Amino acid sequence: MAVQKPKQSSREDMSYNKKNAIPDRWTEYKAVGKRIPGTRFIAFKVPLKQSFRYQLTQSEVFGPFDLVRILEKEGQQLGLIIDLTFTTHYYKVEDLPNTLYHLKIFTAGHEVPNDATILSFKKAVRRFLHDNENNDKLIGVHCTHGLNRTGYLICRYLIDVDGMNPQKAINLFNESRGYSIERQNYLDDLRTGPKRSNEGMEEPDKEPVQGLAHEPRDDAPHHRREQHSHYPPFNGQGLHQWHREPQNQFLPFHQKNNMSWFEPPERQFFRPPLIPHPPHAVRPCFPNQSIRGFHFGRYPTPRPSDRFGQPYHNPHVPPEGSTGPPGPDRKLRHRHRKGPKDWTPR
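Residue numbers (my numbering): 1082 to 1427.
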């Protein structure tokens, strides 16, 4: 039996100056109803995009991917979403799973939808049923709460197209959604108002748009980063066994291996090996630097004049046992010495 919610005077859509606020009374309604028997319709409240989640508790969160998972648990598959909200703040096509198609029909709240809105709804439903006659995919319809505008248009379709009795259509929707339609003007129009024309219902209308989002890793239950089953537990023989022990804590150029925490040794990328000890016959870089102060590092690029394995030779100093000028046969330049100048004529 349908549950009657107490009527309230607040608007269904949040005002434009509260773009990032949860819609009024949104948390008071359950997320998804049941499939309406004998139809492809299912009603639900508007799913909210990721940025709204920080304002909700874990049990209140309801987004596009939550909608898909709820229906999958019940063995149902959603094919089309007809969005009747009069705003685009709640979610965009980029937030919808790429397995769904979306059609936006801007429908103002509180007032009975006009004939153009009703015809657009009928066209969308008829086209989907024609394209999916070989499967059992559902048509999801929502406004803000998935109740008043949603209930009116679904019942209007059942009355005008399927020829269902108005009160039977209303009762069927209320029982499936779990709540009763609240707007009295909607109920009066469904019960006593004229049927709307179905002329042009088979003509093409707006094309549904496919969703663009893939299931986020944080939302996917099988991707939650709890404890990796293929890694050993952290219990003394666990993940830290893959860490490399530092060679020397006091070396200024010691490199930390930041990747070893996530990958086993056979999959790690290590840097080239470090020099284990200073090479023979390599002079210190500075006069006051000794071999004991040698820093671990990689081999420097050799200069053209250096030959590994040979004694170091300073080109500015004559070799031992040589009396020739230093360097490659150069003459010493005459240097003027300071002192009194001799002005004696020669």
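Just so it is clear, CB atoms sit at the ideal spot from N, CA and C, and this is done for glycine as well. Quick caveat: nothing in here was measured; it's all calculated off a predicted structure.
| task | Round the Cβ separation of P1289 and L1161 to the nearest angstrom and send it over; I've been treating them as touching at under 8 Å. | result | Confirmed, about 6 Å.
| field | Start and end residues, alpha helix (DSSP H) containing F1254 | value | Unbroken alpha helix (DSSP H) run through F1254: P1247 to R1258.
| In this structure, does DSSP put G1281 in helix, strand or coil? | In this structure, G1281 counts as coil in the three-state DSSP scheme.
| task | Kindly list the residues whose CB is nearer than 7 Å to the CB of K1111, restricted to its own chain and excluding five residues on each side of it in sequence; keep chain order. | result | Around K1111: G1259.
| field | Top-ranked residue by Cα proximity to D1164, from L1177, E1280 and E1155 | value | Nearest of L1177, E1280 and E1155 to D1164, Cα basis: L1177.
| said: If contacts are defined as beta-carbon pairs under 8 Å, then K1204 and D1286 qualify, I think. What distance do you get, rounded to the angstrom? | reply: Confirmed, about 4 Å.
| query | Which residues does DSSP pair with G1221 in a beta bridge? | reply | G1221 pairs with I1123 and I1162.
| Three-state secondary structure (DSSP) of Y1182 | Looking at Y1182 - three-state DSSP - the assignment turns out to be strand.
| message | Can you check which of these residues, G1114, E1192 and G1119, is closest to G1221 by C-alpha distance? | response | Selected option, being the one with the closest Cα: G1114.
| said: Just to confirm the assignment, what range does the alpha helix (DSSP H) spanning R1116 have? | reply: Premise fails: R1116 is in no alpha helix (DSSP H) and is neither H nor E.
| Anyone know if the C-beta pair for L1239 and R1121 falls short of 7 Å? | Contact: no.
| Cβ-based burial, K1154 [other Cβ within 10 Å; buried from 16] | Only exposed fits K1154, as fewer than 16 other CB atoms lie within 10 angstroms of its CB.
| Whole-number beta carbon distance between R1237 and R1207, since they are thought to touch under 8 Å | Going by Cβ atoms, the distance from R1207 to R1237 rounds to 14 Å, so no, they are not a contact pair.
| task | Give the secondary structure of V1142 by DSSP, where H, G and I count as helix, E and B as strand, and everything else as coil. | result | Looking at V1142 - three-state DSSP - the assignment turns out to be coil, as it is neither helix nor strand.
| message | Quick check: what's the CA-CA separation for G1232 versus H1295? | response | Taking the straight line from one Cα to the other gives about 30 Å.
| said: At a cut-off of 6 Å, would you count T1273 as near the ligand ATP, judging by its Cβ distance to the nearest heavy atom? | reply: Looking at this structure, you won't find the ligand ATP or any other ligand, since it has none at all.
| query | Over what stretch of residues does the alpha helix (DSSP H) that includes H1265 continue unbroken? | reply | Before going further, note that residue 1265 is Gln rather than His in the sequence given. For Q1265, the enclosing alpha helix (DSSP H) has its first and last residue at Q1265 to T1273.
| task | List the whole-angstrom C-beta distance separating I1235 from A1124, where the pair is believed to meet the contact cut-off of C-beta under 8 Å. | result | About 7 Å; that satisfies the 8 Å criterion.
| query | Taking DSSP as the reference, what is the three-state secondary structure of V1193? | reply | In this structure, V1193 counts as coil in the three-state DSSP scheme.
| task | Indicate the three-state DSSP secondary structure (helix, strand or coil) for V1149 in the structure shown. | result | If DSSP states are grouped into helix, strand and coil, V1149 belongs with the helices.
| message | In whole angstroms, give me the CA-to-CA distance for P1275 and I1199. | response | If I take the Cα positions, the gap works out to 13 Å.
| task | Inspect the beta-carbon positions of P1145 and T1225 and report whether they are closer than 7 Å. | result | Between P1145 and T1225, the C-beta gap is not smaller than 7 Å, which leaves the two residues out of contact.
| Between Y1267 and T1273, what straight-line distance do the alpha-carbon atoms span, to the nearest angstrom? | Using only the alpha carbons, I get a separation of about 10 Å.
| request: Can you say whether A1197 is buried or exposed, counting buried as having 16 or more other CB atoms within 10 angstroms of its CB? | output: The C-beta of A1197 has fewer than 16 other C-beta atoms within 10 Å across all chains shown, which makes the residue exposed.
| 7 Å Cβ cutoff met for Y1182 and V1127 | Result no, Cβ atoms of Y1182 and V1127 do not sit closer than 7 Å.
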